[in-house]
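Numbering (the working numbering), first residue to last: 37 to 170. Note that beta-carbon positions come from the ideal geometry of N, C-alpha and C, so glycine has one too.
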């Protein structure tokens with residue numbers, strides 16, 4: 037199995053609470069989220085997301101995520117998304133630091149691995165815990 041396409045989408049996520057505020061009068065009404073689809077030559081597509089707060093709160097911010105993905109994604113075409121350790125080592129070699137950028141691709145590849153195994157990702161990560169869904 038090989039990665040053939042990585043699509044990146046900007047999505048505004050309205051806050052359930054309406055507004056999130058912190059010191060110095062800074063606040064947000066929506067989170068600027070980035071959704072990533074990793075497509076394979078086997079017809080399987082995995083979905084990942086990263087949703088940092090923004091450049092006024094953390095160095096990890098949404099526009100930076102998408103810029104990093106623009107640089108990183110094309111270099112992963114042809115790689116096996118089910119070989120997570122090798123893929124993560126390659127991403128670390130290609131892009132120093134910025135784990136938040138790589139996380140969306142990693143999550144999408146876990147989704148692919150779960151589909152291939154016929155298991156929910158939670159089982160691949162050690163099992164489901166609890167029944168609450170918010």
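Checklist entry - Which residue spans inside the stretch 46 to 112 form an unbroken alpha helix (DSSP H) run of at least 4? => result 98 to 108
Checklist entry - Whose CA, out of 152, 49, 159, 52, lies closest to the CA of residue 118? => result Within the chain shown, residue 118 is the residue found at index 82, counting from 1. The option with the nearest alpha carbon to residue 118 is 152.
Checklist entry - Under the rule that 16 or more other beta-carbon atoms within 10 Å means buried, what is residue 158, buried or exposed? => result Locating residue 158 in the chain shown gives position 122, counting from the first residue. So residue 158 counts as exposed.
Next on the checklist: I'd like to check one pair, residue 129 with residue 44: are the Cβ atoms closer than 8 Å?
Outcome noted: Within the chain shown, numbered from 1, the residue matching residue 44 stands at position 8. Within the chain shown, numbered from 1, the residue matching residue 129 stands at position 93. Not closer than 8 Å, so no.
Checklist entry - Could you give the distance in angstroms between the alpha-carbon of residue 86 and the alpha-carbon of residue 162? => result Indexing the chain shown from 1 puts residue 86 at position 50. Indexing the chain shown from 1 puts residue 162 at position 126. Distance between the alpha carbons of residue 86 and residue 162 is about 22 Å.
Checklist entry - Counting pairs of Cβ atoms below 8 Å between the stretch 67 to 85 and the stretch 38 to 58, do you hit three or more? => result yes
Next on the checklist: Let me make sure I understand the geometry here. Which of 134, 111, 143, 38 has the alpha-carbon closest to that of residue 71?
Outcome noted: Taking the chain shown and counting its residues from 1, the one referred to as residue 71 is at position 35. The candidate whose alpha carbon is nearest that of residue 71 is 143.
Checklist entry - Are the Cβ atoms of residue 112 and residue 131 separated by less than 8 Å? => result Counting from 1 along the chain shown, the entry for residue 112 is found at position 76. Counting from 1 along the chain shown, the entry for residue 131 is found at position 95. No, they are not a contact pair.
Checklist entry - If you draw a straight line from the C-alpha of residue 100 to the C-alpha of residue 68, how long is it? => result The count along the chain shown starts at 1 and reaches residue 100 at position 64. The count along the chain shown starts at 1 and reaches residue 68 at position 32. Their backbone Cα atoms lie some 11 Å apart in a straight line.
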